[in-house]
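To start, the structure itself, in structure tokens.
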Amino acid sequence: MLEAYSSSFNPLRLIVFGQRRYLGDFFMANHSAFEKKYVAKDTMSDVEGVLEHFNLPPKTITFIRKNVRAIQLALAFVIIMVVAFSLYASYSKKHTAEASSALGLALEEPADKRANYLRKVVEDYSGTNSATWATIELAHGYMAEKAYAKAYSSYSIILDKITDTDPLHPLIIFGQAESLEAQKKYVEAYEMYQHLKIFSGYNDLAYLGMARTWEARGDIEKAILTYNDYLLTLESSRPQAKSYIESKIVRLQAKK
Numbered sequence: 347m348l349e350a351y352s353s354s355f356n357p358l359r360l361i362v363f364g365q366r367r368y369l370g371d372f373f374m375a376n377h378s379a380f381e382k383k384y385v386a387k388d389t390m391s392d393v394e395g396v397l398e399h400f401n402l403p404p405k406t407i408t409f410i411r412k413n414v415r416a417i418q419l420a421l422a423f424v425i426i427m428v429v430a431f432s433l434y435a436s437y438s439k440k441h442t443a444e445a446s447s448a449l450g451l452a453l454e455e456p457a458d459k460r461a462n463y464l465r466k467v468v469e470d471y472s473g474t475n476s477a478t479w480a481t482i483e484l485a486h487g488y489m490a491e492k493a494y495a496k497a498y499s500s501y502s503i504i505l506d507k508i509t510d511t512d513p514l515h516p517l518i519i520f521g522q523a524e525s526l527e528a529q530k531k532y533v534e535a536y537e538m539y540q541h542l543k544i545f546s547g548y549n550d551l552a553y554l555g556m557a558r559t560w561e562a563r564g565d566i567e568k569a570i571l572t573y574n575d576y577l578l579t580l581e582s583s584r585p586q587a588k589s590y591i592e593s594k595i596v597r598l599q600a601k602k
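Residue 347 is where the sequence shown starts when you use the working numbering, and the numbers rise one by one after that.
Written out as structure tokens, the structure is:
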């Protein structure tokens, strides 16, 4: 029995088996194939090879590797700016729509309450076209109430915010001229009407306003000269306008 056991016992087999078990335990305990350091090495190798796959020049690849951090920061900045711009555009669109709605509701209010609502549009939506039109409506309202100084102030606020090429520019100039004329500030009003003359489509209003200021100051001769200058600008296709100016000239000549 002992001999049979002895013959089946092989020390070398035990040693080999023990080594296998030891090595297996060692790798299982300390050298997992899924550990980060092994994956990182493979991944790093892949990343380094990506640039070569694009067939970039060696100098370009070297530059990218040396400045990878700066490139990442630049890309992050661009992404942030794009997102910020998109958010601002969305907000601006919503803000503009709300301003238009508020202006529409304000204009529907009764005349005695309208001014308060228009002021709220100006305050809440400053910088929008709706706020500009609300200010214009306020100025028109002041003119209707004979609050001419307030009207002039409102027109001046708008004029400071728009460019010379803005379509509103001549309209605001005319509003200022009217409010000054209503305040009997004829010299200033004349200057505004004279400035208005350069804008296409406002020629009639400009000449008539200039002539009125001369009449109001009692300078009939200059009023007649202004009407005559205006008469020269009128085309033959406007017989009614020419007839009106000619009658004004005759009336003024009778006062001399």
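Note that CB positions come from ideal geometry on N, CA and C, so glycine has one too.
* Asked: Does the region 429-438 come within contact of the region 406-414, defined as at least 3 CB pairs closer than 8 Å?
  -> no
* Asked: Considering only C-alpha positions, which residue in the set I544, I482, M556 and V467 is nearest to E527?
  -> M556
* Can you give me the Cβ contacts of A448 inside the same chain, cut-off strictly under 6 Å, excluding the 5 residues immediately before and after it? => V467
* To do: Entirely within the region 544-584 and at least 4 residues each: give me those alpha helix (DSSP H) ranges in chain order.
  => Runs of the alpha helix (DSSP H) inside the region 544-584: 549-562 and 566-579.
* If you draw a straight line from the alpha carbon of R563 to that of S593, how long is it in whole angstroms? -> Their Cα atoms are separated by approximately 20 Å.
* Asked: Quick one: what's got a C-beta closer than 7 Å to K602's C-beta in the same chain, skipping five residues either side?
  -> I566
* **Same chain only: Cβ atoms within 7 Å of F545, ignoring 5 sequence neighbours per side** => P516
* Spatial distance of Y576 from V429 (CA atoms) -> 57 Å
* Asked: In three-state DSSP terms, what is Y626?
  -> Because the chain in this structure spans residues 347 to 602, residue 626 falls outside the shown range and cannot be described.
* To do: On a CA-only basis, which of I570, L554 and T559 is nearest A587? Give me that one, please.
  => L554
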